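First up is the structure itself, then whatever we jot down about it.
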Amino acid sequence: MTKVLVVEDNPLNMELVLEILRSLEFTAHSSINGGEAIKKIENEKYDLILMDIGLPVMDGVSATKIIKSMPDYKNVPVIALTAFAMKGDKEKFLADGFDDYIGKPIDVHEFMKTIQKFRKS
């Protein structure tokens, strides 16, 4: 089963994402900021990380760079989950080390389609 860490500071967005992931039979854990996410991955192994960008304590881009620098997480996909949806934002996040991009507000169908690409068998 695919184990996912969702890093999101908005409680409603977190609830929606966790509900979708669990309906798809992913194991989902949560974190409310980048610093907390880094602490969690030091103690758990995740197959996929969904990372909000505008987070308190440590933003998602900084947290992702730290996570991707860790040997155990170098190849773990991190998906930007963000309201930054201007032209060029997706490309910027991919250049910053993210493996994919999901815009907010979340389109449930598109979210499910994107997430399925990262399912572990």
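Residue numbers for the sequence shown follow our numbering, so the first one is 1427 and each next one is one higher.
Quick reminder that beta carbons are idealized off the backbone N, C-alpha and C, glycines included.
Since we're looking at a predicted model, the values are computed, not measured.
- Item | the segment 1477-1485 touching the segment 1431-1446, judged by at least three CB pairs closer than 8 angstroms | In short, these stretches touch, since the Cβ pair count reaches three.
- Query: Does DSSP classify L1520 as helix, strand or coil?
  - Reply: It is helical.
- Message: Less than 8 angstroms between C-beta atoms, sequence neighbours within five positions excluded: which residues of the same chain meet that for K1461?
- Response: According to the sequence as given, residue 1461 is Gly; it is not Lys. Within the same chain, G1461 has close Cβ partners V1483, M1484, A1489.
- Task: With distances taken Cα to Cα, identify the nearest neighbour of D1523 among K1465, K1500, K1543.
- Result: Asp is not the amino acid found at residue 1523; the sequence shown has Gly there. Of the listed residues, the one whose Cα sits closest to G1523 is K1500.
- With 8 angstroms set as the bound, which would you pick, yes or no: does the beta-carbon of V1433 sit closer than that to a beta-carbon of chain B? Protein chains in the displayed structure number just one, and chain B is not present.
- Item | Spatial neighbours of F1537 in its chain, beta-carbon cut-off 7 angstroms, leaving aside the 5 residues before and after | Only I1446, I1528 meet the Cβ criterion.
- DSSP three-state assignment for A1506, whether helix, strand or coil: strand
- Query: Taking the runs of the beta strand (DSSP E) that are 3 residues or longer, which of them lie wholly in the segment 1431-1486?
  - Reply: 1453-1457, 1474-1477
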